[in-house]
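> Be aware that the sequence shown starts at 0, since it is given in numbering that gives the first Met the number 0, and climbs by one per residue.
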Amino acid sequence: MTAAPLFDKIAVIGIGLIGSSIARAARKQGLARSIAVGDIREDHCAKALQLGLCETATTDLRQAVKGADLVLFCVPIGANAEVAEKTVPFLKAGAIVSDVGSVKQAVVRDIGPLLPEGVHFVPGHPIAGTEFSGPEAGFAELFQGRWCILTPPSGTDEAATAKLCAFWKGMGSLIEIMDPAHHDMVLAITSHLPHLIAYTIVGTATNLEESVKGEVIRYSASGFRDFTRIAASDPVMWRDVFLNNRDAVLEMLQRFTEDLTALQRAIRWGEGQVLEDLFTRTRAIRRGIIDAKQDS
Ligand code: NAP
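#1: Which residue's Cα is closest to the Cα of P112: A159, I196, A80?
#2: Can you check DSSP and say which residues form a bridge with F120?
#3: Does the beta-carbon of E227, which I'm using as the reference point, lie nearer than 7 angstroms to any heavy atom of the ligand NAP?
#4: Below 8 angstroms CB to CB, which residues in the same chain sit around T58 once its five sequence neighbours on both sides are set aside?
#5: Quick one: what's I148 bridged to in DSSP?
#6: If we ignore side chains and look at the alpha-carbon of each, how far apart do L141 and P122 end up?
#7: Going by DSSP in three states, V70 sits in which element: helix, strand or coil?
#8: Tell me which residues share the same chain as K91 and place their Cβ nearer than 6 angstroms to its Cβ, disregarding the 5 neighbours each side in the sequence.
#9: At what residues does the beta strand (DSSP E) containing T55 begin and finish?
#10: When DSSP builds the beta bridges, which residues end up paired with V315?
#11: Are L16 and A136 closer than 8 angstroms when you measure CB to CB?
#12: Judging by CA-CA distance, which residue of I12, S20, T55 is the nearest neighbour of R32?
See the structure below:
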């Protein structure tokens with residue numbers, strides 16, 4: 000628990016995996032005196048109250064943000080503009096508005112222009128998650144030791160950015176400040192393309208004829224299983240990621256396709272050294288991730 004709460008009231012809009020993990024972590028670490036939840040679904044609001052994630056929960060988003068010092072949009076990227084339009088007239092002067100969306104240029108484009116003078120906009124993206132959704136999927140330790148990237152537009156109040164940094168640090172995150180376009184390019188290769196590949200492989204397997212399909216499931220531990228976990232991720236969230244990070248994803252997909260073609264050639268021509276060299280380099284990347292404590 001921190002010495003004193005950083006915020007009097009925070010409002011979490013969208014109490015799914017990320018929103019409910021924030022509510023749990025903020026509560027556990029004493030980062031806010033009170034937490035208000037706003038969500039489009041009545042059952043999610045009821046669940047949030049039942050789980051003790053907040054003081055109030057309502058489908059009236061305007062009510063949720065009233066008087067909040069920090070407002071966090073934790074909805075699918077495509078819903079941000081609608082949520083901002085509904086809530087902006089009810090924001091407290093001096094409030095910090097942030098989000099957790101997996102794409103940042105689109106969020107800056109959709110939310111930024113709607114915010115009035117005197118409200119501080121500091122977009123964010125915790126690099127942490129699972130393939131599960133909804134208020135019961137969250138857990139307080141989700142952000143522990145994981146990076147949170149903040150992308151404040153130029154001219155953002157430094158004190159607001161520093162306060163949001165302190166909030167994420169309080170939940171156990173490591174902080175990086177980044178330009179939104181750079182964020183989208185980096186995430187296209189580290190997260191968006193891997194998800195696209197997983198969706199493709201699992202899709203290809205489900206298109207196979209029945210006889211092979213059964214064996215795909217039975218022998219899935221040989222590699223396929225890891226792809227199915229990623230491909231079980233929320234369809235709405237990932238639809239929005241690809242629609243909103245189109246250019247960066249297409250750029251990375253182009254590079255990937257060229258590399259795949261090169262591998263195809265190496266296999267066709269029996270160039271074992273080419274394959275071995277690549278696999279040796281990729282193994283070193285895995286070691287780097289473990290050394291950086293981003294997996295065990
Ligand atoms: P989630 O579990 O589906 O939670 C989203 C919540 O927002 C749901 O309760 C959803 O209701 C609600 N919602 C949808 N539209 C709304 C609207 N217009 N107004 C109010 N509430 C609305 O999703 P999540 O995984 O937490 O993802 C939320 C955000 O976090 C996304 O922007 C995503 O890019 C980002 N993110 C996700 C991960 C991850 O691994 N999942 C990691 C980092 C960042 P319904 O269930 O009815 O849609």
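Even for Gly, the Cβ is constructed at its ideal location relative to N, Cα and C. Since the structure is predicted, the reported quantities are computational estimates derived from the model, not experimental observations.
Let me lay it out:
#1: Walking along the sequence shown from the start, residue 112 turns up at place 113. Comparing Cα positions, the closest option is A80.
#2: Here the question's residue 120 lines up with position 121 in the sequence shown. Beta-bridge pairing links F120 to V96.
#3: The sequence position of residue 227 within the sequence shown is 228, counting from 1. The sequence shown places Thr at residue 227, rather than the Glu named in the question. No.
#4: Numbered from 1 along the sequence shown, position 59 holds the residue referred to as residue 58. Contacts found: G37, D38, I39, R40, E41, C44.
#5: Counting from 1 along the sequence shown, the entry for residue 148 is found at position 149. Partner(s): H124, E175.
#6: In the sequence shown, residue 141 corresponds to position 142, counting from 1. In the sequence shown, residue 122 corresponds to position 123, counting from 1. The straight-line gap from Cα to Cα measures roughly 19 angstroms.
#7: Against the sequence shown, residue 70 aligns to sequence position 71. Strand, per DSSP.
#8: Within the sequence shown, the letter at position 92 stands for residue 91. G66, listed in sequence order.
#9: One-based indexing of the sequence shown puts residue 55 at position 56. Segment 55-57, the beta strand (DSSP E) holding T55.
#10: The displayed coordinates of the chain run from 0 to 295. Any statement about residue 315 would go beyond what the structure contains.
#11: In the sequence shown, the residue the question calls residue 16 occupies position 17. In the sequence shown, the residue the question calls residue 136 occupies position 137. Taking 8 angstroms as the Cβ cut-off, L16 and A136 qualify as a contacting pair.
#12: As a first step, residue 32 must be located in the sequence shown, where it is residue number 33. Answer by Cα proximity: T55.
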